[in-house]
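Residue numbers (our numbering): 127 to 295.
Don't be surprised by glycine CBs; every beta carbon is placed ideally from N, CA and C.
Here the structure is a predicted model, which means the values were calculated and not measured.
The structure under discussion appears below in the form of structure tokens.
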Amino acid sequence: MTTQTAPAANELSTPQNGRSPQVQATTAVSGGTAGADQPAANRGRTSIADVVVVKVAGIAAREIPGVYDMGGGLSRTIGAVRDRVPGGRPNVGRGVKVEVGERQTAIDLDLVVEYGVSVMDVAQDVRENVISAVERITGLEVVEVNVTVNDVHLPDEDEPGTTAEARVE
């Protein structure tokens with residue numbers, strides 16, 4: 127972090143009214159510096175929106191074998207309806223909450239795991255993959271990834287609207 131302070135009293139000129147100058151020390155925090163003499167990489171600042179971290183974390187979590195879906199019950203139901211609407215896109219951020227600061231981020235994930243997999247192994251693999259992806263892509267330090275497993279998907283659970291055979295003809 128770069129701090130800049132106001133010039134010292136001896137660097138100020140005496141005002142025209144004859145009074146001594148008042149020194150006000152100010153501190154400005156900046157992600158970069160301005161000026162043609164600075165390297166290009168240091169000119170200006172970069173901000174990363176929360177939605178960027180949400181999408182990166184959501185994609186990284188879904189890459190892990192054993193993760194069936196993400197989000198709580200209501201968000202999964204709404205997401206399933208939304209996914210079936212023509213022209214609708216899947217919401218990769220479903221089940222992901224983040225807090226993003228200037229240099230750090232914290233991530234909360236809600237998962238549904240497949241039956242038969244080790245919940246602890248899936249949670250650990252998700253945590254490692256999310257941290258790796260977010261730090262590599264955004265440059266932010268991930269301080270924590272909290273994983274909540276909300277449900278287990280059983281192999282005999284059918285998706286809505288995909289029944290094998292009708293009960294009546």
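Q) Just the Cα atoms here: how many angstroms apart are residue 275 and residue 161? A) 50 angstroms
Q: Just mark residue 195 as buried or exposed, buried being the case when its beta carbon has 16 or more other beta carbons within 10 Å.
A: buried
Q.
Would residue 222 and residue 249 qualify as a contact pair, given that the criterion is a beta-carbon distance under 8 angstroms?
A. no
Q.
Quick check: what's the CA-CA separation for residue 172 versus residue 267?
A. 15 angstroms
(Q) Quick check: is the beta carbon of residue 188 nearer than 8 angstroms to any beta carbon in chain C? (A) The structure shown contains no chain C; it holds only a single protein chain.
Q) At a cut of 8 angstroms, does the stretch 174-188 reach the stretch 217-231 through at least three beta carbon pairs? A) yes
**Q.** Local conformation of residue 230 per DSSP, three classes
**A.** strand
Q: Indicate the three-state DSSP secondary structure (helix, strand or coil) for residue 278 in the structure shown.
A: strand
Q.
I believe residue 259 touches residue 186 by the beta-carbon criterion, under 8 angstroms. Please report the beta-carbon distance rounded to the nearest angstrom.
A. 4 angstroms
Q. With respect to the alpha helix (DSSP H) encompassing residue 179, which residues constitute its N-terminal and C-terminal limits?
A. 176-188
(Q) Let me make sure I understand the geometry here. Which of 188, 261, 169 and 217 has the alpha-carbon closest to that of residue 238? (A) 188
Q. What are the start and end residues of the beta strand (DSSP E) that includes residue 243?
A. Premise fails: residue 243 is in no beta strand (DSSP E) and is neither H nor E.
**Q.** Continuous beta strand (DSSP E) stretch holding residue 193: start and end
**A.** 193-196
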